[in-house]
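Presented below is the structure to which this report refers.
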Amino acid sequence: KVNIQSMEDAFAAAEKEKDAGKVVAYYSDDAVSYSRNKTPEVGKAAIKEGLAKRLAEDTTGNYNVYKVVDLFGEGNMLVEIGSWTVMNPSGAETEKGYYMSYFQKRDGKYVCVRDMNVTTSPEKK
Numbered sequence: 080k081v082n083i084q085s086m087e088d089a090f091a092a093a094e095k096e097k098d099a100g101k102v103v104a105y106y107s108d109d110a111v112s113y114s115r116n117k118t119p120e121v122g123k124a125a126i127k128e129g130l131a132k133r134l135a136e137d138t139t140g141n142y143n144v145y146k147v148v149d150l151f152g153e154g155n156m157l158v159e160i161g162s163w164t165v166m167n168p169s170g171a172e173t174e175k176g177y178y179m180s181y182f183q184k185r186d187g188k189y190v191c192v193r194d195m196n197v198t199t200s201p202e203k204k
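Mapping of the sequence shown onto the numbering used here: residues 80 to 204, in sequence order.
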């Protein structure tokens, strides 16, 4: 659990730095990332491209906090259920939700192969 939480913390720190290259270190080359209201990003390069665009367009100063809620492992596989919270620059929560990440141990370290997330906020109309 500690290893996965440190991966989530590094992911959040890289997002805050707007460094898409560091963020995607979390993913395998063949990863698929599923997000709300859009088609999946297939492959590390596509995830990096989409992330770089989102980070460049974000001028809010908000940042994300990720926490491991549950972790299930068997052999070289792990499934993480986690929570995410968007914080504004003054530290107040603005949105939250949950995510699920599927990891495989490759070359001695865990990498995310699939992930998806949902928000607990009502749909914006």
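Glycine included, C-beta positions come from ideal geometry on N, C-alpha and C.
Mind checking residue i: buried by the 16 CB within 10 Å criterion, or exposed?
{"i": "A110", "result": "buried"}
{"i": "A124", "result": "exposed"}
{"i": "E120", "result": "buried"}
{"i": "D194", "result": "buried"}
{"i": "S208", "result": "This structure does not reach residue 208, given that the chain is present from 80 up to 204, and the question cannot be answered."}
{"i": "S169", "result": "exposed"}
Suppose contacts are defined by Cβ-Cβ distances below 8 Å. Is residue i in contact with residue j by that definition?
{"i": "N143", "j": "A104", "result": "no"}
{"i": "Y181", "j": "V192", "result": "yes"}
{"i": "Y178", "j": "G154", "result": "no"}
{"i": "G122", "j": "D108", "result": "yes"}
{"i": "N167", "j": "N141", "result": "yes"}
{"i": "K97", "j": "L134", "result": "yes"}
Ordered along the chain, which non-local residues of its own chain (more than five positions away) have a Cβ less than 6 Å from that of residue i?
{"i": "A171", "result": "none"}
{"i": "E87", "result": "Y145"}
{"i": "F151", "result": "V158"}
{"i": "A131", "result": "A99"}
{"i": "K127", "result": "A99, V103"}
{"i": "V148", "result": "I160, G161, S162"}
To which residues of the same chain is residue i closer than 8 Å at the C-beta, ignoring the five residues directly before and after it?
{"i": "Y189", "result": "N82, I83, M86, L157, F182, Q183"}
{"i": "T198", "result": "R115, E174, K175, G176"}
{"i": "K203", "result": "none"}
Along the chain, where does the beta strand (DSSP E) containing residue i start, and where does it finish?
{"i": "V103", "result": "Per DSSP, V103 belongs to no beta strand (DSSP E) and is neither H nor E."}
{"i": "K188", "result": "188-198"}
Short of 7 Å in beta carbon distance, which residues of its chain neighbour residue i, apart from the five on each side in sequence? Order them along the chain.
{"i": "R185", "result": "S107"}
{"i": "K95", "result": "Y142"}
Is residue i a contact residue of the ligand MN, with contact defined as CB to any heavy atom under 7 Å?
{"i": "K203", "result": "As for the ligand MN, it is missing from this structure, which has no ligand bound."}
Establish whether the CB of residue i and some CB of chain D are separated by less than 8 Å.
{"i": "E94", "result": "Looking for chain D here will not work: only one protein chain is present."}
Exercise. Mind listing, in chain order, the continuous beta strand (DSSP E) runs of no fewer than 3 residues lying wholly within the segment 110-184?
Key: If we require 3 residues or more, the beta strand (DSSP E) runs fully inside the segment 110-184 come out as 142-153, 156-166.
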